[in-house]
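Engineer: The structure follows.
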Amino acid sequence: MTTLSLVNDSLRAHAPEPAWSMRVRRRGYQRMLVVSSQINYYYFWEKRWFFISMLIGYTLLNIPPPEGLSHEGMVVLAMSIVATILFITEPVPLPTVALLIIVGQIFLLGISSTEVARSLMTDSVLFIMGSLMLAVAVVKQKLDKRIAWLIIRFTGTKTVNICFGISVVSGLLASFIGEHTVAAMMLPVGVTLITLTSDDPKQVRNLAAVLLFSICYGASVAGIGTPSGGARNAIMIGYWKEFFYDPTNPETNKFLIDYVTWMIYAYPMFLIQLPLVTVILLWTFKPEVTVLGRAAAKLRQEILLQGPMRPSDWVSIILFAGILYSWVFISSDVGMGTIAILGAAVFLIAGLVRWEDLNSGVNWGVVLLYAAAISLGVQMQQTGAAEWIAENFLSILEPIGADSGVGLWAAVSVLTTAVTNTMSNGAAVAVLGPIVLKLATVAGESPIILGFVTSISSAFAYLTVVGTPACTIVYASGYLKTTDFLKVGWRMMIMSICIMLASASVYWPLIES
Amino acid sequence: MPFKSNTKSTLELDKELRAFRKTRFRLLICIDGSDESYEGLKLASKLGRNHDVDIVLLYVRPIDQGLRSGGLQLRVVRENMLEWGLELPGIKYLKKGLDILIGEKGMAADWTEKSTHTDVWGDPMGDNKIEYRHDTGRSIVMKLKTAPDPASGILDQYELGPYNLIVMGEPSRWRGELMSFWNAGVVQKVAMLSLCSVMVARKRENVEGHLICTDGSENSLDSVRRQAVLAQYLESPITLLCVTPLKEDLDKIKYTVEKTRLSLEKSGISIKETRAIVGDPVEKITEIGADFAVIAVSDSGKSSMKRFILGSVAFNVMGKAKTSVLNAR
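These protein sequences, in sequence, are chains A and B.
Be aware that the first sequence starts at 0, since it is given in numbering that gives the first Met the number 0, and climbs by one per residue.
Be aware that the second sequence starts at 0, since it is given in numbering that gives the first Met the number 0, and climbs by one per residue.
Here is the structure:
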């Protein structure tokens, strides 16, 4: 701009006064230059998926709804498609999608803001919030060294046994407190064993892969075991209750799935998968070192330096046992979310964790995101959008004979696995849940079995780093490559899908009847 | 108006710092822990012997996505790892890089150390920097940067201070012009968008020498001169190469290569060999370049749009070559 005006001024000194129109044009041109220099064109390129999704949404809202779908249903369908594109491509921070869903419900569906706000907070959301706070509280107790010591004490120093031990402990813990908590606690154990074996990561690449995957896959397969194993389980329980439970009809009581019932359905599946994780890992990666004697001895030394258990350690163990007890035995009456937030409150009252730690350790955007996704899911069911999608999905499956029984379960499982590998598994269940449950009603299948198939399949995101929280956390150690996840993930996926289909066709119908 | 004067002085300081930096040869070496990235560092360490060279070792860590780790922030994991006395991956890679630069001796007493921390992107881990400054003015910086993705982190770092050269390890993927427009890898994105020269380092043993490619244009002549000075400094034998797709142009390019050789020799740079050949430029340069430690090409200042329409030899050589490529701008 400066150069331009200088040139202009120097010219003016020798030229007669220009006409007013020239002045206006010159000013206009200068202003245009200023404006265009301030527009960041790259912004539009960077956010291209946002604009593309908005365009798709706008188009969908302006075409007449297809037969069998109401206008409201079309609006919810458009919102879900836009939200899914934004979830996968992430042109804007993910919590923004949650905010847009809330605003969309008010402006596009005409629901009052109070009602939308009410639909955001459910027991599932309280549970997600509480369990995240509990996760930080548990990690902060620094019991990980003691756990590591226990593992080594039981398994000895053979690599195979240690890997299995890590999977078992990670799995058992993760089945109750969620995979992210366990991955955060166990990651230092794995990395310590690797660094104590060799300083050069290249010499122990396979060992690192086996140890770290034992943690993340051990925790991932366990997340299905109990309702508190992951947000997706709590979301599915919420959907069953919301869509099928009618207090006036005692026959619908079976849709109130409590903690113990869930465990009866899913825990055996986790226990069967556990030893297979170690087998698959050792088959894929052959560890360079078969005995971790040196590393184990050093680890033992470090743990001895910590001294005996302190009273605060015992208090946190007792508190945790209390929370587990309440989840198992009284959550069906008061809700899982209530117990989770009560647990977090007790940890704070006991002074075992600081609020500042909880505040900075939890990503509150997740809570918002799940709340909005669940609220959209409920709208999908209420407006008939879920039913319309379910009917159309079924008509696609019909010609290939996958419209009922094992075929339908496999189709739902593959669909969920595909979606969950691209976005967080909780969000996948929140979006797919209503559709799948409607699918079950339309196809005359059991909503409970198809619900379990969806919820459990969403844990099969073994292929990508972002698929499950445990994978993301373990990847942050820097020892694994993205290709490692593909190398071992497909084997894990086939194993899990086979075991789940076997459970769905043999074991679950037995419980249902 | 204290606020105004404050702003002014910061701006002035920034201007002074930038002016000072322009007098030095500044290298930005991007490290991701791979062998190839250390290969570039080894080459750069030969340059680093000079007092006028500043080296910045950069590791870019993605911003913590608590959403991806199920709502539990990765910082909880990191803090836990630090409490176990374990080093985070970025710090480990940077320290290894520093070891390669300073050798076995370690930092001598005449280096002063200064650490800085800046909060960025709302991420408490933020940017961390350790600067080692020698009495002679030479400096080595280890920088752990936080950015939404590595490419934007590297380009952001370039914006922070003028650099003469960005060194990166071999890319795992290199897409065609059309695909790169849509979804380019880190190295390709930086190569596309950076304003300064870029070097893509590849691990290659038992090869030496610089293969400097020219197309005879004014722009290319200037960059050939700069590349030759660099090669001379590295004590690497220089071979000049000019490739034309048209047979009838052979005499013309022979003349161009000879002219360039004479002009360089006049400035005291010795040329080992000159070659003028007919063929597809990208194929020939890649093929002949395989026997050299570095292929030096020049981008002739094409914008990304021009590159997209006309194609760029330099750019394609960067992706296809089997040895390190230095793209001068």
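No residue lacks a Cβ here, since even glycine has one placed at the ideal position from N, Cα and C.
Measure the C-alpha to C-alpha separation of V413/A and L393/A and round it to an integer number of angstroms.
Structural biologist: Distance between the alpha carbons of V413/A and L393/A is about 14 Å.
Engineer: In chain A, what lies closer than 8 Å to L85/B by C-beta?
Structural biologist: Ordered by position in chain A, the residues that pass the 8 Å Cβ test against L85/B are P187, V190, T191 and T194.
Engineer: Looking at C-beta atoms only, is the number of pairs between the segment 234 to 247 of chain A and the segment 460 to 473 of chain A that lie closer than 8 Å three or more?
Structural biologist: Too few Cβ pairs lie closer than 8 Å, so no.
Engineer: Mind reading off the beta-carbon distance from L240/B to V277/B? Whole number of angstroms is fine, and I expect it under 8 Å.
Structural biologist: Not a contact, Cβ separation roughly 12 Å.
Engineer: Between the segment 437 to 444 of chain A and the segment 401 to 412 of chain A, do three or more beta carbon pairs fall short of 8 Å?
Structural biologist: Contact holds: three or more Cβ-Cβ distances are below 8 Å.
Engineer: Looking at C-alpha atoms only, which residue of G376/A, A136/A and A460/A is the closest neighbour of T311/A?
Structural biologist: The sequence shown places Ser at residue 311/A, not Thr. If we check each option's Cα against that of S311/A, A136/A comes out closest.
Engineer: Is it buried or exposed for D198/A, if we count other Cβ within 10 angstroms and need 16 for buried?
Structural biologist: Exposed, since its Cβ has fewer than 16 Cβ neighbours within 10 Å.
Engineer: Quick check on DSSP: helix, strand or coil for I62/A?
Structural biologist: Three-state DSSP puts I62/A in coil, outside helix and strand.
Engineer: Does the beta-carbon of F291/B have 16 or more other beta-carbons within 10 angstroms, so that it is buried, or is it exposed?
Structural biologist: Buried, by the Cβ-count rule.
Engineer: Please name the residue in A134/A, L142/A and S502/A whose C-alpha comes closest to that of P267/A.
Structural biologist: Closest by alpha carbon: S502/A.
Engineer: In terms of residue numbering, what span does the beta strand (DSSP E) encompassing F153/A cover?
Structural biologist: Careful: F153/A lies outside any beta strand (DSSP E), inside the alpha helix (DSSP H) at D143 to T154.
Engineer: Answer yes or no: do I100/A and L375/A have a C-beta to C-beta separation smaller than 8 Å?
Structural biologist: Yes, the Cβ-Cβ distance between I100/A and L375/A is below 8 Å.
Engineer: Could you tell me whether any Cβ in chain A is nearer than 8 Å to the Cβ of L10/B?
Structural biologist: It does not: the Cβ of L10/B has no partner Cβ on chain A nearer than 8 Å.
Engineer: Can you tell me which of the three DSSP states W313/A falls into?
Structural biologist: In the structure shown, W313/A sits in a helix (DSSP, three-state: H, G or I).
Engineer: In its own chain, which residues sit with a C-beta less than 7 Å from the C-beta of V275/B, not counting the 5 before and 5 after it?
Structural biologist: According to the sequence displayed, residue 275/B carries Ala and not Val. For A275/B, where only same-chain residues beyond five positions count, the Cβ hits under 7 Å are C241, L249, I252, K253 and V256.
Engineer: For the beta strand (DSSP E) containing D53/B, name the first residue and the last one.
Structural biologist: Residues V52 to P61.
Engineer: Output yes if chain A places a C-beta closer than 8 Å to the C-beta of L73/B; else output no.
Structural biologist: Output row for L73/B: interface = yes.
Engineer: What are the residues in the segment 466 to 495 of chain A lying within 7 Å of chain B by C-beta distance?
Structural biologist: Taking 7 Å as the Cβ-Cβ cut-off against chain B, the residues of the segment 466 to 495 of chain A that qualify are P468, T471, I472, A475, S476 and G477.
Engineer: Taking C-beta pairs closer than 7 Å, name the residues in chain B that L131/A reaches, listed in chain order.
Structural biologist: Neighbours of L131/A on chain B, chain order: G70 and L71.
Engineer: Give me the residue from K240/A, A183/A, P92/A and M78/A with the minimum Cα distance to G360/A.
Structural biologist: The shortest C-alpha separation from G360/A is found at A183/A.
Engineer: Where does E204/B sit, in a helix, a strand or coil, going by DSSP?
Structural biologist: Coil.
Engineer: Can you tell me whether S4/B is buried or exposed? The criterion is at least 16 other CB atoms within 10 Å of its CB, across all chains shown.
Structural biologist: Any reading at S4/B must be qualified, since the residue scores a pLDDT of 44, below 50, and its modelled position is unreliable; the value itself is stated next. That one is exposed.
Engineer: So A327/B and A295/B are supposed to be a Cβ contact under 8 Å. How far apart are they, rounded?
Structural biologist: Right, the Cβ-Cβ distance comes to about 6 Å (below 8 Å), so this counts as a contact.
Engineer: Taking the Cβ atom as the reference point for each residue, do I395/A and W148/A lie within a distance shorter than 8 Å?
Structural biologist: Cβ atoms of I395/A and W148/A: not closer than 8 Å.
Engineer: Below 8 Å on C-beta distance, what does H179/A contact in chain B?
Structural biologist: Result: S68, G69, G70 and L71.
Engineer: Count the CB pairs spanning the segment 484 to 500 of chain A and the segment 451 to 464 of chain A that are closer than 8 Å, and state whether there are at least three.
Structural biologist: With the cut-off at 8 Å, the segment 484 to 500 of chain A and the segment 451 to 464 of chain A touch.
Engineer: Considering only DSSP beta bridges, list what F24/B is partnered with.
Structural biologist: Bridge partners of F24/B: V52/B.
Engineer: Mark K144/B as exposed unless 16 or more other C-beta atoms lie within 10 angstroms of its C-beta, in which case mark it buried.
Structural biologist: Label assigned to K144/B: buried.
Engineer: Any idea what DSSP makes of V91/A, helix, strand or coil?
Structural biologist: Coil, per DSSP.
Engineer: Apart from the five residues on each side of it in sequence, which residues of its chain come closer than 6 Å, Cβ to Cβ, to I185/B?
Structural biologist: For the sequence presented, residue 185/B should be read as Val rather than Ile. The answer, listed in chain order, is P149 and A150.
Engineer: Just checking: is the beta-carbon of S457/A within a distance shorter than 8 Å of some beta-carbon in chain B?
Structural biologist: Cβ-Cβ to chain B under 8 Å: no for S457/A.
Engineer: Along the segment 337 to 362 of chain A, where does the CB come closer than 9 Å to a CB of chain B? Name the residues.
Structural biologist: Listed by position along the chain: D356, S359, G360, V361 and N362.
Engineer: Using CA coordinates, which residue listed in T196/A, L211/A, T180/A and V203/A is at the minimum distance from G164/A?
Structural biologist: That would be L211/A, whose Cα lies nearest to the Cα of G164/A.
Engineer: How long is the line joining the alpha carbons of F346/A and I340/A, rounded to whole angstroms?
Structural biologist: So the two alpha carbons sit approximately 10 Å from each other.
Engineer: Where in the segment 221 to 286 of chain A do unbroken runs of the alpha helix (DSSP H), each at least 4 residues long, occur, reported from the N-terminal end onward?
Structural biologist: Those alpha helix (DSSP H) runs which fall completely within the segment 221 to 286 of chain A and span 4+ residues are 230 to 243 and 258 to 283.
Engineer: Give the straight-line distance between the Cα atoms of V76/B and N358/A, rounded to the nearest whole angstrom.
Structural biologist: Rounded to the nearest angstrom, the two C-alpha atoms are 15 Å apart.
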